[in-house]
Structures are given as structure tokens and as C-alpha cells.
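*Asks:* In my numbering, the protein residues as written are 1 to 295. One structure coming up, written as C-alpha cells, with questions to follow.
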Ligand code: SF4
């Protein structure tokens, strides 16, 4: 390709640049004969900018909190490959498309009040995620469900929507336990190992903080139920109920792998993970919710 710019002109232009000389903009001032224009190409045409329309909206989003709806939804199939932050963006867009009157936080960087109970790790599927939506005007749970479902991908089914008081603690605050189904691989005696885990009261492993400090954690304290669903040659399917609090007291599937490895003394690999459900702690006395599930 030939832009048409003359080599000698480029050479002279470099010298002018090194000397910090100003070459006039040929759109508005004189032509410096760079070689681009010719009878074939014509000359620059400057299009005047269109007038800037007057802004009639307002920059302050509505921060009223008149209602809160709690959504229980699933994350299946290829949606397992969508990260937590992208799921939040997805809901942000779905809510806008569905014209749901979402409330915003204040400050210099307002965000929609869409609060997940807990992040789901990338690659994991789920049939029990919880998400709180705060609205500027009350909305029927069924109308909310229908409007949102019309905008969500098929692999994100909505199981239920319930109306909860905006004054009671959010799901992220009340989150207490989570149930998982996990596939593990390892050449061990699975029934014997599971029985030994349930028998013990202390299975401590070392946790490392972001700053590199290590401290012991008794993971057994965080395990409430553990069932061996099935097992075969070097692999097993387990279902467990463990702690899932947003203060860091959690039993992640990776922690279960550590427990099995610690008790069996063998190397264990984590396979497919499915979060079955999230469970909230009961409300303090006198703050019981009046829930109206839509389904
Ligand atoms: S008017 Fe055309 S030839 Fe003259 S400097 Fe501008 S681009 Fe180069």
C-alpha cells in the first residue's frame, strides 16, 4: 500500500519534529505538500461537528429502597464458565433490559443494588444460588420473575423469587451453610475413609494467608454432613453440607479434598463440582420475615 506521502517530506517533517517546530494542520491552515492529495484524491473536506444536544436527564440515580426480592437461580452447562463478576454484569444488563426499577448505591460510583449471597467458583455449576435485588418501588414477585426470566440465558433457570423486608439482614450477611456434590479421584478405600472422617473430631490442615502466614484450621468443625453417593475404581461421588459464611468460615470443595487426602494419606484430585443449595441462618427473634414465594 502506498499512502502517497513523499519520503523527502517525511524526512523534513522528522527534522521539524526534532526541532519542536509546529507544522500547520492542513484541514484548517495551509497545505505543506506532503503528497497525499492529488487530482485523483481531491482535498480535505472538514465536516462541521453536529450541535451537542442538551442533556435533559439527571446524573443522580434513584437510591430509594422500597422493596427487596430474593432470587434463587441455577448456573448450568456452559454458564459454569462465566465468572462471578461477569454474572453480576449479566444481571445488571438483564435488569435494565427488563425495565426493573432497581435501586442504586449513592456516592461517586453508583452501582445497582444486586447482591449475591456468595460467589460461585469458576467452572462450578449450581442449582441453588441466591441473589438479593433492592427496588425503588415494590414489585410482585411473580412479575419480577417473569420479566427477569425473559432476559436470562436458558442455562440460568429461576427456581423461585421471594419478597423480603429491606430492613432485615441481606442474604450475604445471613449465609450460613452450603451443600455440594463433588466428584473426587483417588485410589483409596472410599467407604472406610468417609467413615473415618465422620468419626474424627479434629482434621487440621495449614491455611496460608495472602501475606504468606500459615495457621492451622480444624476443617472437621466446618463439616456437618458427608455422604458417599457412589464410588468405583479410583473415584467417588460425595455430597456434603459444610460451613459457608462470608467471614471466611467455609468448607470449600478444595478443603474437602484436603480432608480426604489427610485421612487417607493418598493424593486426591477434585473433579466436577455442583453446588446444590445455600442455606441462611435463622433471623434473630422478632425479625422473622414475611415471605411470599412466587413458585
Ligand atoms: S492538503 Fe493534502 S497534500 Fe497538503 S498537507 Fe494536507 S494532506 Fe498533504
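Note that the Cβ used here is the ideal one computed from N, Cα and C, for glycine as well. All values derive from a computational prediction rather than experimental measurement.
#1: Measuring CA to CA, which of 161, 126, 220, 149 is closest to residue 277?
#2: Can you grab the Cα-Cα spacing for the pair residue 295 / residue 133, in whole Å?
#3: Using the C-alpha atoms, what's the distance from residue 69 back to residue 159?
#4: So for residue 254, helix, strand or coil by DSSP?
#5: Jot down the residue ranges of each uninterrupted alpha helix (DSSP H) in the segment 73-125, minimum 4 residues, whole runs only, in chain order.
#6: For residue 215, which residues does DSSP report across the bridge?
#7: Counting C-beta neighbours from all protein chains within 10 Å, is the total for residue 45 16 or more, i.e. buried, or is it exposed?
#8: Tell me whether the beta-carbon of residue 177 lies closer than 8 Å to the beta-carbon of residue 248.
#9: Residue 197 and residue 203 - do their beta-carbons sit closer together than 8 Å?
#10: Buried or exposed, going by whether 16 or more other CB atoms sit within 10 Å of the CB of residue 264?
#11: When every heavy atom of ligand 1 is checked, does at least one fall within less than 7 Å of the C-beta of residue 11?
#12: In this structure, how does DSSP classify residue 29 when only helix, strand and coil are distinguished?
#13: With DSSP as the reference, identify every bridge partner of residue 273, one or two as the case may be.
#14: Touching or not, the segment 164-173 and the segment 221-232, by the rule of three or more beta carbon pairs under 8 Å?
#15: For residue 189, name the three-state secondary structure that DSSP assigns.
#16: Please list, in chain order, all residues of the same chain as residue 273 whose beta carbon is under 6 Å from its beta carbon, the five residues on each side excluded.
#17: Cα separation between residue 292 and residue 58?
#18: Let me know if residue 93 comes out buried or exposed under the rule of 16 or more other beta-carbons within 10 Å of its beta-carbon.
#19: Ligand 1 heavy atoms versus the CB of residue 22: any closer than 7 Å?
#20: Just curious, the alpha helix (DSSP H) that residue 7 is in, first and last residue?
#21: Check whether the Cβ atoms of residue 98 and residue 135 lie closer than 8 Å to each other.
#22: Out of 41, 12, 77, 36, which has the shortest C-alpha to C-alpha gap to residue 157?
#23: Locate the alpha helix (DSSP H) running through residue 224, then write down its first and last residues.
*Replies:* The relevant details are as follows:
#1: 126
#2: Any answer about residue 295 is weak, because its pLDDT of 40 lies below 50 and its placement is not dependable; what the coordinates show is given next. Distance between the alpha carbons of residue 295 and residue 133 is about 17 Å.
#3: 13 Å
#4: helix
#5: 84-97
#6: The partner list for residue 215 (beta bridge, DSSP) reads 207.
#7: exposed
#8: no
#9: yes
#10: buried
#11: no
#12: coil
#13: 182
#14: no
#15: coil
#16: 124, 182, 253
#17: At residue 292, the pLDDT of 44 sits below 50, so the modelled position is not reliable; the number obtained from the coordinates is stated separately. Each residue's alpha carbon lies about 35 Å from the other.
#18: exposed
#19: no
#20: Per DSSP, residue 7 belongs to the alpha helix (DSSP H) from 7-18.
#21: no
#22: 77
#23: Premise fails: residue 224 lies in the beta strand (DSSP E), 223-232, not in any alpha helix (DSSP H).
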